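Asker: Below are the structure tokens for one structure; questions will follow.
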Amino acid sequence: MKARILEGTLAAAGIALMTVGISAHFRALAAPTSRATWGSEATPAAAAPRPTTFAIVDARVFDGTAVLERATVLVESGVIKAVGPGISVPKEVPVVNGYGKTLLPGLIDAHTHAFQDALERALVFGVTTEVDMFTDARFAADRRAEQKRGLVTSRADLVSAGTLATAPGGHGTEYGIPIPTLTRPDEAQAFVDARVAEGSDFIKIIYDDAASYGLKLPTLTRETMTALVAAAHQRGKLAVVHVSTGRAAREALAAGADGLAHIVADVPAGDELVALARQRGAFVIPTLTVIASTTGDTSVARALSVDPSLAIYVGSSERRSLDAEFPAPLKGTGGMLRARALVGALKAAAVPILAGTDAPNPGTAHGLSLHEELELLVGAGLSPIEALAAATSIPARTFGLSDRGRIAPGMRADLLMVDGDPTRAIAATRRIAAIWKGGVAVERKPALPEPAGARVNTNGLVSDFETDTATGFGFGWQISTDSMMGGASEAAMRVVQGGAQGSRRSLEVAGSIKPGSMYPWAGPMFFPGQQPMTPANLSRFATLAFWTKGDGGTYRVLAFASRLGRIPAEQRFVADPEWREVVMPLSGFGNGMDGSDLQGLLFSASAGQATFRLQIDDVRFR
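Count the sequence shown with the numbering used here and you get residues 60 to 681, in order.
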């Protein structure tokens with residue numbers, strides 16, 4: 060008799076597990092290591108190519124605010140010397156023909172989370188500066204130091220909040236590394252002073268209990284949030300407040316916040332926060348790209364990876380990220396419609412709108428997603444020119460970047476040239492013809508294909524547990540819990556007497572799911588590759604089968620695969636008091652799962668199981 064299998068879906072726990080890679084990055088940075096361990100493959104500033112002198116002629120020029128239909132831009136040693144029609148170009152200066160093309164300032168993504176090679180990938184798609192809303196402070200300091208020493212041409216520049224301000228256990232603490240938190244208003248000034256000492260360019264504040272996502276997280280009190288805003292201003296720093304509800308947005312604006320990170324999707328366009336934002340002179344970074352992901356409106360994101368102008372530059376991990384969605388309760392609620400309407404109302408009220416993506420969340424990718432954000436902003440009521448300003452001159456002015464965001468004499472030659480006219484059809488930004496960072500041409504290399512998983516020579520048997528936890532192939536079993544992300548859930552496994560179908564032994568797993576993690580999990584995990592999370596090719600098998608019995612609770616099998624990025628897919632089963640066989644089609648995990656790039660299988664208890672106990676036996680692929 061087959062055990063009852065519940066419908067396969069992307070687990071809510073997947074949102075947390077997607078951050079395992081980010082957590083590993085943070086932990087690596089926190090360890091005392093050589094600088095080579097610290098992140099990306101950036102070329103050191105000292106080795107950067109020298110800025111050049113050249114002219115772009117006969118191009119349509121969007122200068123950050125207005126359009127010149129046919130103009131020349133003269134660049135001298137990486138700095139814009141002259142702009143306009145009829146500019147005289149010295150004979151010895153190389154000329155780039157811009158006829159039929161549009162020249163734009165290098166794009167600025169006003170809301171990202173940068174780590175590893177994020178800045179390198181952003182530059183490939185025309186983003187020359189990222190405004191980071193939370194990363195490891197040492198990573199940010201390293202990038203800033205290189206930028207201060209000289210022009211870095213291999214990646215986008217970084218402007219960063221560094222460590223964000225949040226409550227103990229609040230959003231931002233789920234990445235498995237310790238960060239300073241606050242509980243009282245009188246701690247605000249010391250917190251801000253410490254961030255300024257670390258080099259933070261502005262202060263990011265979390266004021267969000269996650270209720271709009273069906274969760275309940277600790278958050279700062281209104282009084283502490285207000286004190287943080289005042290402390291940031293005391294040190295001459297912008298205070299940007301992360302919100303997800305209209306109430307929180309209004310309270311942040313009333314406290315004097317300079318800007319809001321995220322548009323809210325729970326209020327109508329006529330809400331008073333529009334008037335309050337205008338009255339306070341605040342800016343808003345809507346991040347419609349990630350709102351689309353949380354609400355299931357992902358058609359634009361998925362179109363990016365197959366756009367003929369972009370596809371050869373899109374890496375496999377970026378493609379998977381664009382295909383991913385948040386498994387959030389906002390799907391089908393009309394949240395995206397309300398968010399777009401609110402953006403339109405803010406625009407009509409002349410509230411500054413900045414283009415930001417919140418990359419690398421599900422449904423987003425660094426650099427790529429800013430082209431989606433531009434399209435979504437136009438869909439929300441901005442003109443193409445207004446959307447382009449939201450990604451160039453407006454964020455530059457907002458964050459005090461006086462040397463970029465415009466094409467004007469004295470500005471650094473961060474430039475993006477595209478085929479067509481994005482001032483009329485915004486999707487033309489995707490048709491990238493050339494990129495310059497500080498006057499140095501950027502070489503765009505096609506993305507390399509991801510290597511397939513190593514084919515496994517096996518009859519399919521993983522473990523029958525007759526000889527302890529030995530496996531027929533792969534790295535083996537180990538316990539995985541949410542402790543890597545600040546949780547306190549526990550699990551232990553041991554081989555016990557009595558197995559399925561009269562066999563001698565089976566694997567018993569017992570533990571508890573405890574509060575403390577946004578997405579709790581605990582249980583044994585099998586790695587089919589030679590090392591943990593190394594992909595293995597099991598495509599000749601169609602199903603996963605195992606026998607189980609237990610306490611009657613609902614459990615999950617979470618499948619990790621290269622194609623899934625950081626979000627596992629899941630199928631559920633019930634562990635009845637008597638032995639039953641569970642058979643799960645690999646295709647039931649969805650997202651094209653065929654076993655060819657399987658990285659791991661986690662047998663996990665579910666949220667709400669204060670204690671759990673189950674046995675599994677005869678785990679095999681068929």
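All C-beta atoms in this analysis are idealised placements derived from N, C-alpha and C, irrespective of residue type, glycine included.
All values derive from a computational prediction rather than experimental measurement.
Going by the CB atoms, is the gap between L474 and G209 shorter than 8 angstroms?
Answerer: Working through the sequence shown from its first residue, we reach residue 209 at position 150. Working through the sequence shown from its first residue, we reach residue 474 at position 415. No, Cβ-Cβ distance for G209 and L474 is not below 8 angstroms.
Asker: Have a look at G667 and I572 and give me their C-alpha separation to the nearest angstrom.
Answerer: Taking the sequence shown and counting its residues from 1, one reaches residue 667 at position 608. Taking the sequence shown and counting its residues from 1, one reaches residue 572 at position 513. Whole-angstrom Cα-Cα distance: 7 angstroms.
Asker: Which same chain residues end up closer than 6 angstroms to L447 when comparing Cβ atoms and leaving out the 5 residues on each side of it in sequence?
Answerer: Taking the sequence shown and counting its residues from 1, the one referred to as residue 447 is at position 388. Contacts found: F121.
Asker: Roughly how many angstroms lie between the CA atoms of E135 and G498, to the nearest whole one?
Answerer: Mapped onto the sequence shown, residue 135 falls at position 76. Mapped onto the sequence shown, residue 498 falls at position 439. Looking at the two C-alpha atoms, the distance is approximately 8 angstroms.
Asker: When the Cα of G582 is compared with those of T607, A551, G612, which residue comes out closest?
Answerer: Here the question's residue 582 lines up with position 523 in the sequence shown. Cα-wise, what sits closest to G582 is A551.
Asker: Output the boundary residues of the alpha helix (DSSP H) element that contains F586.
Answerer: Residue numbering aside, residue 586 sits at position 527 when the sequence shown is read from its first letter. Unbroken run through F586 is the beta strand (DSSP E), 581-586; no alpha helix (DSSP H).
Asker: Classify I81 as buried or exposed, calling it buried when 16 or more other Cβ atoms lie within 10 Å of its own Cβ.
Answerer: Your numbering for residue 81 matches position 22 in the sequence shown. Confidence at I81 is low in this model, with a pLDDT of 42, below 50, so the placement of that residue should be treated as unreliable; the coordinate-derived value is given next. The residue is buried, with at least 16 neighbouring Cβ atoms inside 10 Å.
Asker: Could you spell out where the beta strand (DSSP E) holding M643 opens and where it closes?
Answerer: Numbered from its first residue, the sequence shown carries residue 643 at position 584. Per DSSP, M643 belongs to the beta strand (DSSP E) from 639-644.
Asker: Might you give, ordered along the chain, the residues of its own chain that have their beta carbon closer than 8 angstroms to the beta carbon of V302, omitting 5 neighbours on each side?
Answerer: By one-based count along the sequence shown, residue 302 stands at place 243. So the list reads Y266, D267, A308, A311, L319, A320, H321, V323, once near-sequence residues are dropped.
Asker: Which whole-angstrom value is the C-beta distance of A226 and P277, which I expect to be below 8 angstroms?
Answerer: By 1-based counting over the sequence shown, the position of residue 226 is 167. By 1-based counting over the sequence shown, the position of residue 277 is 218. The pair is a contact, with the Cβ atoms about 4 angstroms apart (cut-off 8 angstroms).
Asker: Please classify E331 as buried or exposed, where buried requires at least 16 other C-beta atoms within 10 Å of its C-beta.
Answerer: Indexing the sequence shown from 1 puts residue 331 at position 272. Under this definition E331 is an exposed residue.
Asker: State the beta-bridge partners of M683 as determined by DSSP.
Answerer: In the structure as shown, the chain starts at 60 and stops at 681, and residue 683 therefore has no counterpart that could be examined.
Asker: Could you tell me which of F600, I675, A620 sits nearest to D610, measuring between CA atoms?
Answerer: The residue labelled residue 610 in the question sits at position 551 within the sequence shown. Among F600, I675, A620, the Cα nearest to that of D610 is on I675.
Asker: Within 10 Å of its beta-carbon, does A196 have 16 or more other beta-carbons around it, so buried, or fewer, so exposed?
Answerer: For the purposes of this step, residue 196 is taken as residue 137 along the sequence shown, with counting starting at 1. Answer is buried; the Cβ neighbour count reaches 16.
Asker: Which class does I626 belong to by DSSP, given the choice of helix, strand or coil?
Answerer: Numbered from its first residue, the sequence shown carries residue 626 at position 567. Coil at I626, not helix or strand.
Asker: Quick one: using the 10 Å Cβ neighbour count with 16 as the cut-off for buried, is Y158 buried or exposed?
Answerer: By 1-based counting over the sequence shown, the position of residue 158 is 99. Burial call: exposed.
Asker: Over what stretch of residues does the alpha helix (DSSP H) that includes H430 continue unbroken?
Answerer: Residue numbering aside, residue 430 sits at position 371 when the sequence shown is read from its first letter. From DSSP, the alpha helix (DSSP H) with H430 extends over 427-438.
Asker: Is DSSP giving H292 helix, strand or coil here?
Answerer: In the sequence shown, the residue the question calls residue 292 occupies position 233. Of the three classes helix, strand and coil, the one that applies to H292 here is helix, per DSSP.
Asker: Which residues mark the beginning and the end of the beta strand (DSSP E) in which K496 is found?
Answerer: If you number the sequence shown from 1, residue 496 lands on position 437. K496 -> beta strand (DSSP E) spans 491-496.
Asker: Assign A680 to one of three DSSP states: helix, strand, or coil.
Answerer: Sequence index remark: in the sequence shown, residue 680 carries index 621 (1-based). A small correction: the amino acid at residue 680 is Phe; Ala does not occupy that position in the sequence shown. F680 falls in the strand class under three-state DSSP.
Asker: Please tell me whether L617 and L657 are closer than 8 angstroms, where the distance is taken between their beta carbons.
Answerer: Looking up residue 617 in the sequence shown gives position 558. Looking up residue 657 in the sequence shown gives position 598. Not a contact, by the Cβ cut-off of 8 angstroms.
Asker: Expressed to the nearest angstrom, what Euclidean distance is found between the alpha-carbon atoms of I344 and P508?
Answerer: Within the sequence shown, residue 344 is the residue found at index 285, counting from 1. Within the sequence shown, residue 508 is the residue found at index 449, counting from 1. Going from the Cα of I344 to the Cα of P508 covers about 34 angstroms.
Asker: By alpha-carbon positions, which one of G654, I626, W580, M643 ends up nearest to T670?
Answerer: What you label residue 670 is simply residue 611 of the sequence shown in a count that begins at 1. Per the Cα distances, W580.
Asker: Under three-state DSSP, which class holds A334?
Answerer: Residue numbering aside, residue 334 sits at position 275 when the sequence shown is read from its first letter. Of the three classes helix, strand and coil, the one that applies to A334 here is helix, per DSSP.
Asker: Whole beta strand (DSSP E) runs in the stretch 314-380 with 3 or more residues, listed along the chain?
Answerer: Those beta strand (DSSP E) runs which fall completely within the stretch 314-380 and span 3+ residues are 318-320, 342-344.
Asker: Can you tell me whether DSSP reads T92 as helix, strand or coil?
Answerer: The count along the sequence shown starts at 1 and reaches residue 92 at position 33. Residue confidence for T92 is low, a pLDDT of 34 falling below 50, so the modelled location carries little weight; the figure read from the coordinates is stated next. T92: coil per DSSP, three-state reduction.
Asker: Please report the Cβ distance between I485 and E434, rounded to the nearest whole angstrom; I am assuming they are in contact, meaning their Cβ atoms lie under 8 angstroms.
Answerer: The residue given as residue 485 occupies position 426 in the sequence shown. The residue given as residue 434 occupies position 375 in the sequence shown. That pair is a contact at about 6 angstroms.
Asker: Taking 8 angstroms as the threshold (C-beta atoms), are T607 and L673 in contact?
Answerer: Your numbering for residue 673 matches position 614 in the sequence shown. Your numbering for residue 607 matches position 548 in the sequence shown. Their beta carbons are under 8 angstroms apart, which means L673 touches T607 by this criterion.
Asker: Quick one: Cα of R361 to Cα of A506, how far?
Answerer: The residue you call residue 361 lines up with position 302 of the sequence shown. The residue you call residue 506 lines up with position 447 of the sequence shown. If you take the alpha carbons of R361 and A506, they lie about 17 angstroms apart.
Asker: Cβ atoms of F261 and V300: under 8 angstroms apart, would you say?
Answerer: Translated into the one-based positions of the sequence shown, residue 300 becomes position 241. Translated into the one-based positions of the sequence shown, residue 261 becomes position 202. No, the pair does not count as a contact, with Cβ atoms beyond the cut-off.
Asker: Using beta-carbon positions only, say whether S522 and V641 come within less than 8 angstroms of one another.
Answerer: Looking up residue 522 in the sequence shown gives position 463. Looking up residue 641 in the sequence shown gives position 582. No, Cβ-Cβ distance for S522 and V641 is not below 8 angstroms.
Asker: State buried or exposed for P636, treating a residue as buried only when at least 16 other CB atoms are found within 10 Å of its CB.
Answerer: Along the sequence shown, one-based indexing puts residue 636 at 577. P636 comes out exposed.
Asker: For the alpha helix (DSSP H) that G403 lies in, which residues bound it at each end?
Answerer: What you label residue 403 is simply residue 344 of the sequence shown in a count that begins at 1. That run of the alpha helix (DSSP H) goes 394-407.
Asker: Taking the alpha-carbon of R306 as reference, which of P108, S271, D317, L369 has the nearest alpha-carbon?
Answerer: Against the sequence shown, residue 306 aligns to sequence position 247. Closest by alpha carbon: S271.
Asker: Using the three-state DSSP reduction, which class does P164 fall into: helix, strand or coil?
Answerer: On the sequence shown, position 105 is the one that residue 164 refers to. In this structure, P164 counts as strand in the three-state DSSP scheme.
Asker: Would you mind stating whether V373 and G422 have Cβ atoms separated by less than 8 angstroms?
Answerer: On the sequence shown, residue 373 is found 314 positions in, with the first residue counted as 1. On the sequence shown, residue 422 is found 363 positions in, with the first residue counted as 1. Contact: no.
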